[in-house]
Each structure stands twice: as structure tokens, then as C-alpha cells.
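Residue numbers (the working numbering), protein chains in the order written: chain B, 1 to 115; chain L, 1001 to 1114.
From the three backbone atoms N, C-alpha and C, an ideal C-beta is built for every residue, glycine too.
Here the structure is laid out as C-alpha cells; the discussion comes afterwards.
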Amino acid sequence: GAGVSQTPSNKVTEKGKYVELRCDPISGHTALYWYRQSLGQGPEFLIYFQGTGAADDSGLPNDRFFAVRPEGSVSTLKIQRTERGDSAVYLCASSPTGLSQETQYFGPGTRLLVL
Amino acid sequence: AQTVTQSQPEMSVQEAETVTLSCTYDTSESNYYLFWYKQPPSRQMILVIRQEAYKQQNATENRFSVNFQKAAKSFSLKISDSQLGDTAMYFCAFMTDSWGKFQFGAGTQVVVTP
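Put into C-alpha cells, the structure is as follows:
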């Protein structure tokens, strides 16, 4: 089947604007993760969904960041009042149930550039 | 809190040769999982190999093998018979035994030259 997809592939916005990043997980996967990868760094955890609910949002940097998964499949990461420091690649991953022993499948990421 | 350290920012290796990437981690957990992921310029993170901490035997996947030293909290990756397609960023990652939240290292850029 299809892998994890993310749209858009690249997003350029101006400081202060609002952006939405979309993640389509593998069909049937209940666990979904968002990570942020700054230039030259490894991915950093943002939020984990189990079904429709955010099971762990401890990685969200501040209240400008918010994510939803209303029907337990597609997820949207929302960033309000973007800042230049938000520029990064945002990665999404999914796994069948969220157990540690499962393989997580990553999408290709959305590269966000805030001017 | 867990930390993952990759001390080699970049490694260069010739085709058909062997290269070893180092990774150390710090945790108070007794059971956990360790991974190596590959990220080519396409940005897609691809699982290379994984190791369960309770298993003493080192994991192998074709040309990729690990040297897992639990007491030393070390998890190195050996790439044998390097190929041009192995050129990528390699990330070491840690996961607890509860649920699948990764802690990644900063990465090592591997460049395979003809």
C-alpha cells in the first residue's frame, strides 16, 4: 500500500503568518507522530496521536503550535504567528498501534521556510 | 531523560570498504530499543536496523551490523562493502519500552566515494 505522505512538500511563508501542514498516515495505522528537524540536527519529537486523541504533546514548543487528528487518520499541524525560528523540516510518522517494537514509517517531510 | 550522542559529524569511505559509526546513549531504563535510520537527500527516513536491549545477540541486516555494548551504553553501526547508494545522513535513535517516541542523535553524514 501507499506510504506516509505529507503536503505540501515545501512551504514558504512570511513571519507572522499562519500555516497548516498535512500528514496522511498509512491506512489503518492508529499511531501518528510529528517531529521537527532543524538544519543539521536530528528530528525532535513534537506530538503523538493514538487514534483521534493526543496521547503526548510534551514536545510542542509553545502555544503557537497545535495539531489535530479529528477522524483518526489524517493529521494537521498548525502553526500560528510563524517566526523565523520555526523554519525546519516537519516529519510525520505512523505505526500500526504505537507499541515500541513496531516499525515507524516516516513521510518525506514538509520543509517550512519562514522569511 | 534519555540522550543520544553521535560524535562523528561526517565520515568518508571508499566504495567496497567498511565504515563504523559510533553512538552512545544515556538512560536509566532497563529495557529499550535502539535504531539506526538512514536519511538520503530525499528526506525520507528509512529504517536500517534495530536492536532490542534485552537481546544480547547483535542485530544484522545484510551489509549492516551493530555492536551493542549495553554496559557501556554504546551502539555502533558497521556498514560493510559500502555502496554509492549508502551516501546519506545516519541517525541513531533510542526508544523506551513504553510506546514509540524516538530520541534521535544529531546524525553522521556518510559519503561513499568511487
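Residue j beta carbon less than 9 Å from that of residue i
i: GLN1039 (chain L); j: PHE1091 (chain L); result: yes
i: LYS1070 (chain L); j: ALA1053 (chain L); result: yes
i: THR82 (chain B); j: ARG22 (chain B); result: no
i: TYR1037 (chain L); j: VAL1048 (chain L); result: yes
i: TYR48 (chain B); j: LEU32 (chain B); result: yes
i: TYR1033 (chain L); j: GLN101 (chain B); result: yes
i: GLY72 (chain B); j: THR52 (chain B); result: yes
i: THR13 (chain B); j: GLY98 (chain B); result: no
i: GLN1175 (chain L); j: GLU1029 (chain L); result: Any question about residue 1175 (chain L) goes unanswered here, given that chain L covers just 1001 to 1114.
i: THR1024 (chain L); j: THR1096 (chain L); result: no
Unbroken beta strand (DSSP E) run spanning residue i, endpoints
i: GLN1109 (chain L); result: 1108-1113
i: GLN1051 (chain L); result: 1046-1052
i: GLY53 (chain B); result: 53-56
i: LYS11 (chain B); result: 10-13
i: ASN1067 (chain L); result: 1064-1069
i: VAL4 (chain B); result: No beta strand (DSSP E) holds VAL4 (chain B); DSSP gives it neither H nor E.
i: LYS1078 (chain L); result: 1074-1079
i: ARG111 (chain B); result: 110-114
i: GLU83 (chain B); result: Neither: GLU83 (chain B) is in no beta strand (DSSP E) and is coded neither H nor E.
i: THR1005 (chain L); result: 1003-1005
i: ALA1093 (chain L); result: 1088-1096
i: SER1012 (chain L); result: 1010-1014
i: ILE47 (chain B); result: 44-50
i: VAL74 (chain B); result: Note, VAL74 (chain B): premise wrong, no beta strand (DSSP E); not H, not E.
i: TYR1037 (chain L); result: 1032-1039
i: ALA1059 (chain L); result: Taken as a continuous stretch (DSSP letters only), ALA1059 (chain L) belongs to no beta strand (DSSP E), as it is neither H nor E.
Residues near residue i in its chain [Cβ-Cβ closer than 8 Å; skip 5 each side]
i: THR1087 (chain L); result: PRO1040, VAL1110, VAL1111 and VAL1112
i: VAL68 (chain B); result: SER75, THR76 and LYS78
Cβ shell of residue i (< 7 Å), same chain only, five flanking positions each side left out
i: ALA1016 (chain L); result: ASP1081 and SER1082
i: ARG1115 (chain L); result: As shown, chain L starts at 1001 and ends at 1114. That puts residue 1115 (chain L) outside it, with no answer to give.
i: ASP86 (chain B); result: ILE79, LEU112 and VAL114
With 16 other Cβ atoms within 10 Å as the buried cut-off, status of residue i
i: ILE1046 (chain L); result: exposed
i: LEU113 (chain B); result: exposed
i: ARG84 (chain B); result: exposed
i: GLY1105 (chain L); result: buried
i: LEU1084 (chain L); result: exposed
i: GLN1103 (chain L); result: buried
i: GLY1100 (chain L); result: buried
i: ALA2 (chain B); result: exposed
6 Å CB neighbourhood of residue i in its chain, flanking five on each side removed
i: ARG111 (chain B); result: ASN10 and VAL89
i: PHE1068 (chain L); result: GLN1051, ASN1058 and PHE1075
i: PRO117 (chain B); result: An answer regarding residue 117 (chain B) cannot be provided, because it is not within the stretch 1 to 115 covered by chain B.
i: MET1089 (chain L); result: GLN1039, GLY1107 and GLN1109
i: ASP57 (chain B); result: ILE47
Tell me whether the region 87-101 of chain B and the region 34-49 of chain B touch, counting them as touching only if at least three CB pairs, one residue from each stretch, are closer than 8 Å. The way I'd put it, the region 87-101 of chain B does touch the region 34-49 of chain B; three or more beta-carbon pairs between them come closer than 8 Å.
Is the region 1010-1022 of chain L touching the region 100-111 of chain B in the sense that three or more CB pairs, one from each, lie closer than 8 Å? They do not touch, by the three-pair rule.
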